[in-house]
Amino acid sequence: MTKLSAESYRGSRDWYPEDLRIRKYIFQTWRQVVKKYGYEEYDAPLLEPIEVYEAKSGQELVGEQTYQFVDRGDRRVAIRPEMTPSVSRMIAARRQEIAYPARWFSIAQFMRYERPQRGREREFWQLNVDLFGVDNTQGEAELIAIGSQIMKAFGATDDMYVIRVNNRRLIDFMMAHFLGLDVQQAQQMIRLFDRKNKIPPEVFRDQAIEIFGADAASVGLQKIAQLLTAHTMADLPEEIRESEAVRDVQRLFTLLERSGVTNAIFDITLMRGLDYYTGTVFEFFDTHPDNNRALFGGGRYDGLVGVFGAEPVGAVGFAPGLSMMELFLEAHDLMPEFISSTDIYMIVLGNAMRGALEVADELRDENVNVEVDFTGRKLDKQIKSAVKKQIPYMMFVGEEELENEIYTLKNIITGDEQKLSLERVVTAVKDHRRQLSRSDDDDDVFDV
49 MTKLSAESYR GSRDWYPEDL RIRKYIFQTW RQVVKKYGYE EYDAPLLEPI
99 EVYEAKSGQE LVGEQTYQFV DRGDRRVAIR PEMTPSVSRM IAARRQEIAY
149 PARWFSIAQF MRYERPQRGR EREFWQLNVD LFGVDNTQGE AELIAIGSQI
199 MKAFGATDDM YVIRVNNRRL IDFMMAHFLG LDVQQAQQMI RLFDRKNKIP
249 PEVFRDQAIE IFGADAASVG LQKIAQLLTA HTMADLPEEI RESEAVRDVQ
299 RLFTLLERSG VTNAIFDITL MRGLDYYTGT VFEFFDTHPD NNRALFGGGR
349 YDGLVGVFGA EPVGAVGFAP GLSMMELFLE AHDLMPEFIS STDIYMIVLG
399 NAMRGALEVA DELRDENVNV EVDFTGRKLD KQIKSAVKKQ IPYMMFVGEE
449 ELENEIYTLK NIITGDEQKL SLERVVTAVK DHRRQLSRSD DDDDVFDV
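Read the sequence shown against my numbering and you will find it ends at 496, with the numbers running on by one and no gaps.
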């Protein structure tokens, strides 16, 4: 018989209980924040026709990163690599029935065939937040404010991350009118700018020369140098500075300041490589030296709903990923300590198993989560299991306890022991839960 590997598929993770506690904490925090802004949760199929991504997502995503196959009905399908095309399809399907603005979010699972690396896996989870039916800059301001509130909900301060902002209309103006590139050259240059911080400067220069062509390269490189030294909109060349797209960005910064977002900056090199972006693009970036990288991003994509045969709808969205959020929390020492969702580990003494199981059921009827150790192991081994599982309470049940209806309840964290009636056990556990709920922010202990 062939011996099977115990390793998970390359680029995916096994979620052991202790790992899943982290995932649930991040998901719960995401949900709490977006719901405060009136966003409703939705979901979509894991499989989509490949044409959904071919229309707007870009050739790299479709040709190199999607898990695609021909199903039994001879249809070309893909495991979803992102959610934006799916949600746009859903909006298009009920274009006339949906009440606008439509504020939707999902927390979903995706797959992309790419090289696994720190913070980037083939199987991944992310939050998707999208606003449909708003054509003005207030939409982008709300989405960026939500992203900022998500960071603060995890305990982040403004100095821990920066929000980089640009505009695809400004990028298109810059490529066509300032750099003098045709459509094909502009697409190549946008992709090159998108990789700028991931490749050596000399590689960036050589590839830029190839895009410009030998005759135009000298002037083109000088103009790129002008762009790269523009740290604010005031530093931009005059012909770019006077464009309507720049005024859009200026309006956005005014709205962000009013909403209390003060760590946003203009970054002319930010491209957001997906082809469907049409306006503002933004990216949350970690400032920690050990994790100095993009956390998540988004932008405006007004044309995507129209691809599905419906009247176009203004749309803006963003999508934080689970792995990058986890790395951010670890880098900044913001990860809480977690305890088990089980309240009591019941240790059975002597021949009291039948009565102990009845007591456990009574506690469960009172919404107390109880694990009963019926292994018959020695007492010290049962206690070690309770501690290792990070269950907050141990409860000892023997024949004497059953007869007197008084039970020893021990808090594993503090070591305190109390002899309590069953009613008082229930009260103690529920008081402990309430205390945890109140002290999450102060003590960094999270019960999930």
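Beta carbons: idealized from backbone N, C-alpha and C, even for Gly.
If you ignore the 5 residues before and after Gln157, its C-beta comes within less than 8 Å of the C-beta of Leu94, Glu171, Phe172 and Trp173, all in its own chain and listed in chain order.
Separation of Arg253 and Thr335 (C-alpha to C-alpha, rounded to the nearest whole angstrom) is 26 Å. At a Cβ-Cβ threshold of 7 Å, Ala264 and Asn215 do not count as neighbours. Shown here for Phe221: same chain residues with a beta carbon closer than 7 Å to its own, the five before and five after excluded, namely Ile288, Ser291 and Ala293 in chain order. Counting along the chain, no alpha helix (DSSP H) covers Ala224, and no H or E run does either.
Under the 10 Å beta carbon count, Gly347 is surrounded by 16 or more other beta carbons and is classified as buried. The C-alpha of Gln466 lies about 12 Å from the C-alpha of Thr475. Annotation: the continuous alpha helix (DSSP H) that includes Met237 extends over Val231 to Asp242. In this structure, DSSP gives Ser154 an extended state, which the three-state scheme calls strand.
Residue Asn415 holds the alpha-carbon nearest to the alpha-carbon of Ile392 among Gly398, Glu55, Gly357 and Asn415.
DSSP places Lys426 in the coil class of the three-state scheme, outside both helix and strand. Assigned with DSSP and collapsed to three states, Phe260 falls in helix. Spatial neighbours of Gly354 in its own chain (CB-CB distance under 7 Å, excluding positions within 5 residues in sequence) are listed in chain order as Pro360. The continuous alpha helix (DSSP H) containing Lys72 extends over residues Pro65 to Lys84.
Ala367 is positioned such that its CB atom lies no closer than 7 Å to that of Phe180. Here the C-alpha atom of Arg163 lies approximately 40 Å from the C-alpha atom of Lys432. With distances taken between CA atoms, Ile313 lies nearest to Gln298 out of Asp323, Ser307, Tyr325 and Gln298. Taking Trp152 as reference, the option from Val81, Leu218 and Val125 with the minimal CA-CA separation is Val81. Three or more Cβ pairs closer than 8 Å define a contact, and the stretch 393-406 meets that threshold against the stretch 418-438.
By the CB criterion at 7 Å, Gly463 and Gly398 fall outside the cutoff.
As the crow flies, the alpha-carbon of Lys51 is around 29 Å from that of Gln116. Taking the Cα positions, Leu450 is about 20 Å away from Arg425. Boundaries of the beta strand (DSSP E) around Leu457: Tyr455 to Asn459. In this structure, Asn184 sits away from Met131, with a CB-CB distance that is not shorter than 7 Å. Contiguous beta strand (DSSP E) elements confined to the stretch 168-215 occur at 171-180 and 209-215, taking only those with 3 or more residues. Here Arg348 is bridged, per DSSP, to Val364. In terms of CA proximity to Met237, Thr317 leads the group Tyr349, Leu457, Thr317 and Ala201. With fewer than 16 other beta carbons inside 10 angstroms of its own, Ser469 counts as exposed.
Every alpha helix (DSSP H) of 4 residues or more that sits fully in the stretch 262-340 is shown, in chain order, as 262-276, 286-289 and 292-306. In the DSSP annotation of this structure, the continuous segment of the alpha helix (DSSP H) that includes Ala140 starts and ends at Thr132 to Ala141. A residue is called buried when at least 16 other Cβ atoms come within 10 angstroms of its Cβ; Met49 does not meet this threshold and is exposed. Of the other Cβ atoms in all chains shown, 16 or more fall within 10 Å of the Cβ of Leu300; this residue is therefore buried.
Within its own chain, the residues whose Cβ lies closer than 7 Å to the Cβ of Phe260, once the five positions on either side in sequence are excluded, are Gly268, listed in chain order. Under DSSP, Val396 shares a beta bridge with Val445.
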